[in-house]
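Chemist:
2 protein chains.
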Amino acid sequence: MELGEHISQRYNQELEDIRSKVLKMGGLVEAQAENGVKALLQRDAELAENVATADDKINALEVEIDEDCVQVIALRQPTASDLRLVFAVGKVITDLERLGDEAAKIGKYSKKLAKKKTITGMHAELSHLSELALSLLHDSLDAFARLDDERAVQLLAKNDKINREFNALSRILITHMMENPRNIKNALRISWCARSLERIGRYSINICEHVVYLVKGKDIRHTDLDEVLAELFPDDDL
Amino acid sequence: MELGEHISQRYNQELEDIRSKVLKMGGLVEAQAENGVKALLQRDAELAENVATADDKINALEVEIDEDCVQVIALRQPTASDLRLVFAVGKVITDLERLGDEAAKIGKYSKKLAKKKTITGMHAELSHLSELALSLLHDSLDAFARLDDERAVQLLAKNDKINREFNALSRILITHMMENPRNIKNALRISWCARSLERIGRYSINICEHVVYLVKGKDIRHTDLDEVLAELFPDDDL
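In the order they appear, the protein sequences are chains A and B. Under this note's numbering, the residue at position 159 of the first sequence is numbered 159, and the numbers go up by one with no gaps. Quick note: to get this note's numbering, add 1000 to the position in the second sequence (first position is 1).
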């Protein structure tokens, strides 16, 4: 990570500490999401219960990092580029906390689903959507860790794939509900897990947007992807 | 709003401008949410279409205010209390943007619902949940505008009421789906609107938490409400 050259060694260390804490928080969130998915797909009620109740550490880190950011700005009066880093961190941890919430929700519904008769024929679709969401989360955190804005921009396009998969799954679920009205509650639980997976994708995209802001100083939220590509990488054939 | 005394008149003006923009953004979000609810309850497809597509201004304001915050920190090196204001603003506008998204979703589903046969017996419940969510949003924005932390803390408790109402509505919807499997799609659309209303409540609560952070300098996210009350207002019989 390019933190620039600071006169104060301690200041460098403070920025590095903040970065380490964000990566640690990202690691916890990723583990939570992976466990949530595992509990869902393997119908593991015990693991599901753990995931549903284990976001304390993630939440505590959010509060701690926010405080660190305020402190470093107050004491060090960062230059524009460091300030962007600190601001981007503030946004990233909000998304990480919400990612943790979505993982916890998957845990909560998986716990109930684990005890019920399975809905046949959903496993492949759920497993595919989970894979897409988890890999996007992983790659987004990786792009943040490396401050790799090119990678971050490439990832933006992956949200469409997740949305298509989510819509396909939703259609199957609706058909299932119509044909098995007595099993609607479980179908709804599955659809809420799918919705959480879709949001995991959405929040991962947010993280990519923060990475681009951080590196390029350009706010690309609410911007058309093609415009972003053309402007940031005018010579690329992305 | 207590902005403190600054040597530079222009600096005061910059903070005041940021605050005005946040209030303007809040006003737009509130109007969007109200129109979304109106479109849903009155089955107004045209209004629904407007709400579903009209969050450009809200999104543009988010980007603009973020940039203003970075600028004011870079140029003015705010003291701790102003810095808290700027940081809280950064968090509030993230929630406002997501509130706008939820309003747009209500618009999107209401548009489809307006053209379908109505689901009887849901109107009263939806209207009650809408009222709770809209009034919490209004009061939270008001608490932010006045920097009224006592009011903000009082509002925290209202989320429970919204959750109870949301759960009651969900149970009715599930029963309806079981009895009318051919109408499941519309019941799902209503349940997604209800979910968005529930999230409007949740994001409004976030704003209240930011107000408390801003005024008291205490981060109360992820904290038990009773603890918060006891610590912030030790002599009160809230």
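A virtual CB, placed ideally from N, CA and C, is assigned to each residue, including glycine.
Do the segment 1072-1080 of chain B and the segment 1126-1141 of chain B touch if we need at least three Cβ pairs shorter than 8 Å?
Modeler: As far as the Cβ criterion goes, the segment 1072-1080 of chain B does not touch the segment 1126-1141 of chain B, which means the pair count is below three.
Chemist: Going along the chain, which residues of its own chain have a beta-carbon closer than 6 Å to the beta-carbon of B/His1176, five neighbours each way excluded?
Modeler: Excluding sequence neighbours, B/His1176 sits near Ala1187.
Chemist: Using DSSP with H/G/I as helix, E/B as strand and the rest coil, what is A/Asn12?
Modeler: Helix, per DSSP.
Chemist: Report yes or no: do three or more beta-carbon pairs, one from the segment 1205-1213 of chain B and one from the segment 181-201 of chain A, lie closer than 8 Å?
Modeler: Segments in contact, no.
Chemist: Once the 5 residues before and after B/Ala1143 are set aside, which same chain residues still bring their CB inside 8 Å of it?
Modeler: Once the five neighbours on either side are set aside, the close Cβ partners of B/Ala1143 are Asp1149, Arg1151, Ala1152, Leu1155, Ile1207, Cys1208, Val1211.
Chemist: Quick one: is B/Gln1032 near chain A, going by C-beta distance under 9 Å?
Modeler: By this cut-off, B/Gln1032 is not an interface position.
Chemist: Using 9 Å as the limit for Cβ to Cβ distance, is B/Thr1053 near chain A?
Modeler: No, because no Cβ of chain A sits closer than 9 Å to the Cβ of B/Thr1053.
Chemist: So is B/Ser1140 buried or exposed if we call it buried at 16+ other beta carbons inside 10 Å?
Modeler: It is buried - the Cβ of B/Ser1140 has at least 16 other Cβ atoms within 10 Å.
Chemist: Mind listing, in chain order, the continuous alpha helix (DSSP H) runs of no fewer than 4 residues lying wholly within the segment 95-179 of chain A?
Modeler: Correct list: 123-146, 149-156, 158-179.
Chemist: Pull up the distance between the alpha-carbon of B/Gln1013 and that of B/Ala1039, whole angstroms please.
Modeler: Going by the C-alpha atoms only, they are around 38 Å apart.
Chemist: Just the chain B side, please: which residues come within less than 7 Å of A/Arg182 by C-beta, in chain order?
Modeler: Within chain B, the residues near A/Arg182 are Met1178.
Chemist: Hey, would you say B/Val1070 sits closer than 9 Å to B/Tyr1011, going by beta carbons?
Modeler: No, the pair does not count as a contact, with Cβ atoms beyond the cut-off.
Chemist: Where does the unbroken alpha helix (DSSP H) through B/Gly1217 begin, and where does it stop?
Modeler: No alpha helix (DSSP H) holds B/Gly1217; DSSP gives it neither H nor E.
Chemist: Could you confirm whether any beta carbon from chain A is found closer than 9 Å to the beta carbon of B/Cys1069?
Modeler: With 9 Å as the cut-off, B/Cys1069 counts as an interface residue toward chain A.
Chemist: Taking just the CA atoms, how far does B/Leu1173 sit from B/Leu1113?
Modeler: B/Leu1113 and B/Leu1173: Cα-Cα distance of roughly 15 Å.
Chemist: Looking at the structure shown, is A/Asp56 part of a helix, part of a strand, or coil, going by DSSP?
Modeler: It is helical.
Chemist: Cα separation between A/Arg164 and A/Leu75?
Modeler: Going by the C-alpha atoms only, they are around 47 Å apart.
Chemist: Are the C-beta atoms of A/Phe144 and some chain B residue less than 9 Å apart?
Modeler: A/Phe144 does not count as touching chain B.
Chemist: Assign A/Pro181 to one of three DSSP states: helix, strand, or coil.
Modeler: A/Pro181 falls in the helix class under three-state DSSP.
Chemist: Chain B partners of A/Ala100, CB-CB under 9 Å?
Modeler: Checking the sequence shown, residue 100 of chain A turns out to be Gly, not Ala. None at all; the shortest Cβ gap to chain B is about 11 Å.
Chemist: Within a Cβ cutoff of 7 Å, which residues of the same chain sit near A/Leu47, ignoring the five residues on either side of it in sequence?
Modeler: Same-chain partners within the cutoff: Asn35, Lys38, Ala39.
Chemist: Beta-carbon of A/Ile18 versus every beta-carbon of chain B: anything under 9 Å?
Modeler: Cβ-Cβ to chain B under 9 Å: no for A/Ile18.
Chemist: Considering only their Cβ atoms, is the gap separating B/Val1092 from B/Leu1147 smaller than 9 Å?
Modeler: Cβ atoms of B/Leu1147 and B/Val1092: not closer than 9 Å.
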